[in-house]
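First the structure, in the form of structure tokens, and then the observations on it.
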Amino acid sequence: MRDEDWLRALTARTLAGDAATREDLLRILAWPAEELPRLLRAAREVRERYWGRRVKLCMLRNARSGLCPEDCHYCSQSAVSRAPIPRYRLQGLEELVEAGRRAVAAGARRYCMVASGRGPSDRDVEHFAEAARRLKAEFPSLEICVSLGILSEEQARRLGEAGVGWVNHNLNTSERFYARICTTHTYQDRVRTVRNVARAGLRTCSGFIAGMGEQDEDLVDLALALRELEVDSLPVNFLHPIPGTPLEGKNELDPARCLAILCMARFAHPRADLRAAGGRELHLGWFQPLALFPANSLFVDGYLTTPGDPAEPTRRMVEALGLEVEAEPSAEAAREVV
Numbered sequence: 008m009r010d011e012d013w014l015r016a017l018t019a020r021t022l023a024g025d026a027a028t029r030e031d032l033l034r035i036l037a038w039p040a041e042e043l044p045r046l047l048r049a050a051r052e053v054r055e056r057y058w059g060r061r062v063k064l065c066m067l068r069n070a071r072s073g074l075c076p077e078d079c080h081y082c083s084q085s086a087v088s089r090a091p092i093p094r095y096r097l098q099g100l101e102e103l104v105e106a107g108r109r110a111v112a113a114g115a116r117r118y119c120m121v122a123s124g125r126g127p128s129d130r131d132v133e134h135f136a137e138a139a140r141r142l143k144a145e146f147p148s149l150e151i152c153v154s155l156g157i158l159s160e161e162q163a164r165r166l167g168e169a170g171v172g173w174v175n176h177n178l179n180t181s182e183r184f185y186a187r188i189c190t191t192h193t194y195q196d197r198v199r200t201v202r203n204v205a206r207a208g209l210r211t212c213s214g215f216i217a218g219m220g221e222q223d224e225d226l227v228d229l230a231l232a233l234r235e236l237e238v239d240s241l242p243v244n245f246l247h248p249i250p251g252t253p254l255e256g257k258n259e260l261d262p263a264r265c266l267a268i269l270c271m272a273r274f275a276h277p278r279a280d281l282r283a284a285g286g287r288e289l290h291l292g293w294f295q296p297l298a299l300f301p302a303n304s305l306f307v308d309g310y311l312t313t314p315g316d317p318a319e320p321t322r323r324m325v326e327a328l329g330l331e332v333e334a335e336p337s338a339e340a341a342r343e344v345v
């Protein structure tokens, strides 16, 4: 079947509720670069079916930086990294709450508190739970997410009771490729955490890091694994090769490749809250607006140890496409506080 006819049929099947097959997803990744506009339009049709023309802005807070015993090769905070990053222990409650206020003031609908490390202690869990309680008291509709490493079901439940709605724990890559990027924990450790979060009644946030040397089959295996886990929120990160990490100097991505990966993720997960995440500014450059054809969500104001685009120019980019930023009803109050 011709590419054009096949893509039209795939879009119709997806909108009818049929799941894209492994062969479908591999074909998207192999899509000719010169025909990319056609693929982007198809992905936009699927995205708009479930998310309309809304775009969600999200903001991260690196609550504890560095000091991690794990050896994740992509991470500037890992035990094997020589990257010159800030290193500090867990930030206080007022710092975390104030950062949440700034996120709301910038127009973010989701605020994610992140802590380096293998996993949180019970004391850490209570610390983030209290930050969530304080933020929900001020901003009841703010979406609060945490990313704390390997979690038990009971720890996730305690966070949920405090107002945390999402827990991020990326699978990052396929099970086959996982040992190439980390040896201090396993792919199955990560899967177990995602399942613990779901069993505790919270929404799951788990996704990709593309560009680490994986093959198309790895990206598709990961997309299908995340579909089996029925993740609610799916961040697609593109490797930012930070000097001082084992993957420094690895740069095998270009805008067309990144956009094809986002389209593949959208067809694999039509209903997911799909986020163009870390590395989008570096690898997409002037092509960033096209990420919003498949994706419905973006990070603003940087990542854990790398910079990103500020909220205001991101908002202008969204509006220039004829899309609208999801509003946080208490944003004006947050601006007054800040």
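FYI, the numbering for the sequence shown is 8 to 345, going by my numbering.
Using N, Cα and C, we set each Cβ at its ideal position, and we do this for glycine too.
On a predicted model such as this, the values are computed, not experimentally measured, just so you know.
| Check | Outcome |
| --- | --- |
| With respect to the beta strand (DSSP E) encompassing Met-8, which residues constitute its N-terminal and C-terminal limits? | No beta strand (DSSP E) contains Met-8, which DSSP labels as neither H nor E. |
| Output the boundary residues of the beta strand (DSSP E) element that contains Thr-211. | 210 to 212 |
| Could you spell out where the beta strand (DSSP E) holding Arg-96 opens and where it closes? | Neither: Arg-96 is in no beta strand (DSSP E) and is coded neither H nor E. |
| Compute the Euclidean distance between the alpha carbons of Ser-128 and Leu-17, then round it to the nearest angstrom. | 46 Å |
| Given this structure, state the Cα-to-Cα distance separating Leu-281 from Arg-287, to the nearest angstrom. | 13 Å |
| Going by the beta-carbon positions, is the gap between Phe-215 and Asn-258 smaller than 9 Å? | no |
| Please report the residue range of the alpha helix (DSSP H) in which Arg-117 lies. | Not the alpha helix (DSSP H): Arg-117 falls in the beta strand (DSSP E), residues 117 to 122. |
| With Asn-69 as the anchor, note down where its alpha helix (DSSP H) starts and where it stops. | Run containing Asn-69: none in the alpha helix (DSSP H); it sits in the beta strand (DSSP E), 61 to 71. |
| Of all the options Gln-84, Leu-67, Leu-36, which has the alpha carbon lying nearest to the alpha carbon of Thr-252? | Gln-84 |
| Rounded to whole angstroms, what's the CA-CA distance from Leu-229 to Asn-179? Just pull it up for me. | 8 Å |
| Per DSSP, Phe-215 is paired with what? | Asn-179, Val-243 |
| Look at the alpha carbon of Cys-189 and the alpha carbon of Arg-20, and state the distance between them as a whole number of angstroms. | 37 Å |
| Where DSSP assigns a beta bridge to Leu-47, which residues make up the other side? | In DSSP, Leu-47 forms no bridge with anything. |
| Going along the chain, which unbroken runs of the beta strand (DSSP E) with 3 or more residues stay wholly within the stretch 295 to 335? | 304 to 306 |
| What separation, rounded to the nearest whole angstrom, lies between the Cα atoms of Glu-343 and Lys-143? | Because Glu-343 carries a pLDDT of 47, less than 50, the predicted location of this residue cannot be relied on, and no value is offered for it. |
| Taking Cys-152 as part of the beta strand (DSSP E), name the residues at either end of that continuous run. | 150 to 154 |
| Identify which residue in Leu-14, Gly-156, Thr-312 has its Cα closest to the Cα of Met-271. | Leu-14 |
| Report the option in Ser-181, Leu-311, Arg-56, Thr-321 whose CA atom is closest to the CA atom of Val-227. | Ser-181 |
| CB-CB under 7 Å to Glu-255, same chain, minus the five flanking residues each way: which ones, in chain order? | Pro-248, Ile-249 |
| How about Glu-133 and Arg-165: do their beta carbons lie closer than 9 Å? | yes |
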